[in-house]
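In the working numbering, the protein residues as written are 1 to 159. Just so you know, even glycine gets a beta-carbon here, dropped at the ideal spot from N, CA and C. Predicted model only: the values in this text are computed from it and were never measured. Heads up, the thing below is written out as structure tokens.
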């Protein structure tokens, strides 16, 4: 067994680990891309919520209050829910470079905003409940997807 000079050892080590590092980076990139897609879809749904509620509010508060019991509250809650979703999404900072620190920071940031989304959903969902079923269902599904992808990111960080 011969002794390798340090420079030669570094070259061999980098060559041996380069493929593994690329695979890990690619996996991390894919997880982040999935999260970004979900965030974009969630933002579109939130925009739809706000648009729908503002269209309804154009009819006038008195008309909505007479329409159905709780409908005015549901419309206002829908708008607030959409605005809170957009606020939470805008707080998420997507890393430009994939490394352990940036992904860990991204995960913490994402988790904080997911908690905010969950609190908002739990607070306002019962007010919106009998109305706007399709919008609510899509948003709740996207929030669940985001949680699942966040858990995938957590497992990726831990391994």
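DSSP places residue 107 in the uninterrupted alpha helix (DSSP H) bounded by 100 to 128. Counting along the chain, residue 134 sits inside the alpha helix (DSSP H) bounded by residues 133 to 158. In the same chain as residue 25, and ignoring 5 residues on each side of it, the C-beta atoms closer than 7 angstroms to its own belong to 98, in chain order.
Here the alpha carbons of residue 13 and residue 152 stand approximately 29 angstroms from one another. Straight-line measurement puts the Cα of residue 139 at about 27 angstroms from the Cα of residue 96. In this structure, 86 is the residue among 86, 62, 101 with its C-alpha nearest to the C-alpha of residue 49. In the DSSP annotation of this structure, residue 96 is not part of any alpha helix (DSSP H), being labelled neither H nor E. With respect to residue 157, residue 107 sits close: the two C-beta atoms are nearer than 8 angstroms. Counted as a single uninterrupted DSSP element, the alpha helix (DSSP H) harbouring residue 28 occupies residues 6 to 58. In the structure shown, residue 89 falls within a helical segment according to DSSP collapsed to helix, strand and coil. In the pairwise beta carbon analysis, the segment 3 to 10 is classified as not touching the segment 38 to 52: fewer than three pairs are separated by under 8 angstroms.
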